[in-house]
Structures are given as C-alpha cells and as structure tokens.
Amino acid sequence: MTDRQRRILKEITALYIKTGTPISSGMLAEHLPFDLSAATVRLELARLENEGYITQPHVSSGSIPTPEAFREVFGNVADHETKRKRRTHPNVAIENITDAVPYLARQMRLMAFGYGTQDQVCIMGFQYLTNFPEFYDPETMSEFFSIVDRLSSISLENILGMLPRGGEPGIFIGSQNPFMASDSFGMVVGRVPEGQLLAVLGPLRMNYSRAFSLVSYLTMLLSKNSYGGKEA
C-alpha cells in the first residue's frame with residue numbers, strides 16, 4: 144500500500160465512522176487533506192477495493208471500509224497513544240468496576256461491560272444502540288445479543304490471555320472478537336488487577352482510538368486504587 148492510499152483509507156474510514164453511510168469519491172475528495180482529483184480518487188479506491196480494504200454495498204453507492212481496513216488504520220493505536228502519552232481526561236471518581244462501566248458507556252455512547260470480583264458481570268449502555276442504523280438490522284441485533292448472552296459464560300482467563308503482555312488494552316476488530324467471529328462488531332478490552340476486565344463493545348465503525356484511550360485511562364485509575372495509589 145502506498146502512502147497516498149494509506150491516507151485515503153484513513154480518511155474514508157474516519158468519514159464512515161462519522162456518518163455510517165457509504166462514502167462517494169466526490170465526498171472523499173472534498174475531505175482529503177491534500178489536493179486530488181475525483182478521477183484519481185476513484186482510481187485509488189478501485190485499487191483499495193481490489194486489495195480488500197473497501198467494498199461497495201451497491202453498484203451505484205459509495206464505498207465503505209472493510210474489517211481489514213479498520214485493522215490497517217487502527218492497528219498501531221497503542222503506539223500512537225503511547226507517543227502522545229495518552230489523551231487528557233478529566234479527573235473522575237472511579238473506585239471500582241461498577242463505577243468504570245457506566246462512565247465508559249456514557250463517554251463512548253456504546254455498550255460497556257466489566258467483570259468484577261467473583262466474576263460478576265456489569266453491563267451498561269444498551270440505550271445507545273439506537274444511535275447506530277446498523278442495529279436496525281434484525282440479523283445484526285441477533286448477533287449482538289448472542290455476544291451479550293455469552294458474557295456471563297465465557298472463560299475470563301481466556302480473554303485476559305489474549306490481551307497484550309505490555310498491559311495496554313487489546314483491540315478486537317471484526318472476526319477477531321473472542322465472543323463471536325462476526326465482522327459486524329469491534330471491541331476494546333483492558334485488564335484490571337485481581338483478574339478483572341473492562342471493555343467497550345460496539346459496531347465495526349466505532350472510534351477505536353478514543354475507546355483505547357478511555358479504557359487505558361480507566362484501567363490505570365483502577366490499578367492505582369488496587370495498589371494503594373500506585374500504578375501496577
């Protein structure tokens with residue numbers, strides 16, 4: 144992939160996250176941070192489609208990024224956030240998982256969940272699903288609730304074992320989701336001391352950078368609380 148194609152892919156992914164609708168070549172050309180004719184944009188989009196990074200739901204519609212595109216764009220989120228020393232977040236009173244889950248759900252406007260002590264599951268944010276047209280589709284809703292049904296039965300150790308060893312949150316895009324191999328959803332999961340877990344679950348077009356930053360921040364707060372004010 145050329146640098147120009149990577150920048151185009153990043154922009155079309157950002158627009159799709161924002162709008163939830165297929166992106167036309169004309170709209171993309173208007174939003175690119177560099178000058179490029181609509182004809183050249185169409186040529187580059189055709190190449191990206193051949194490589195499996197975008198697809199057209201209908202012949203006459205615009206393009207949408209595939210799960211592979213999201214993995215390409217957000218695959219290095221951990222490195223970028225580390226260089227930025229994490230985004231600035233307001234000071235909030237987060238003492239435990241039951242504080243962190245509703246805060247994460249409100250900030251992301253997505254469903255958040257967490258495993259507390261004794262594997263108790265806390266889930267919040269179902270009301271935000273109506274903000275996403277994807278969930279108007281019965282099959283997508285059925286898949287989503289299949290994932291929710293599995294939250295109380297899946298092995299927590301298996302999920303924690305899939306997270307990066309460096310302590311940063313794990314990003315699971317599309318079929319990487321450990322609860323269900325579906326290309327419809329994305330998830331960001333963070334490890335909390337004492338075998339606990341904090342996560343946000345949403346549609347494929349969720350903002351993974353923001354989710355990663357928030358989960359990092361909240362798990363850091365929870366770690367400090369667990370270790371007497373010091374980070375683990």
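Okay, so the sequence shown: first residue is 144 according to the numbering used here, each after it adds one.
We treat Cβ as the ideally placed atom computed from N, Cα and C, and that holds for glycine.
Quick one: Cα of residue 362 to Cα of residue 186, how far? 44 Å
Proximity below 8 Å, CB of residue 360 to CB of residue 220: no
Rounded to a whole number of angstroms, what is the C-alpha to C-alpha distance between residue 347 and residue 367? 31 Å
Are the beta-carbon atoms of residue 177 and residue 314 separated by less than 8 Å? no
Comparing alpha-carbon positions, which option in 328, 157, 189 lies nearest residue 283? 328
Quick one: grab the DSSP three-state call for residue 331. strand
Let's see if you can read the secondary structure: which residues bound the beta strand (DSSP E) around residue 315? 313–316
Is it right to say residue 250 is buried, meaning 16 or more other beta carbons lie within 10 angstroms of its own, or is it exposed? buried
Could I get the ranges of all uninterrupted alpha helix (DSSP H) runs contained in the segment 164–194, with 4 residues as the minimum, in chain order? 168–174, 181–193
Spell out the partners DSSP gives residue 209 in its beta bridges. None; residue 209 has no bridge partner.
Closest Cα partner of residue 364 within the set 349, 341, 345: 341
I'd like the span of the alpha helix (DSSP H) that includes residue 157, first residue to last. 146–162
Bounding residues of the beta strand (DSSP E) (the contiguous stretch that carries residue 245): First-last for residue 245: 240–251, but that is the alpha helix (DSSP H), not the beta strand (DSSP E).
C-beta contact flag for residue 166 and residue 205 at 8 Å: yes
Rounded C-alpha distance that separates residue 309 from residue 258: 20 Å
Unbroken beta strand (DSSP E) run spanning residue 346, endpoints: It spans 339–346 - the beta strand (DSSP E) in which residue 346 sits, taken as one unbroken run.
Between residue 339 and residue 146, what straight-line distance do the alpha-carbon atoms span, to the nearest angstrom? Going from the Cα of residue 339 to the Cα of residue 146 covers about 40 Å.
Of the residues 298, 333, 290, which one's Cα is nearest the Cα of residue 324? Cα-wise, what sits closest to residue 324 is 290.
Tell me the residue span of the beta strand (DSSP E) that contains residue 266. 264–267
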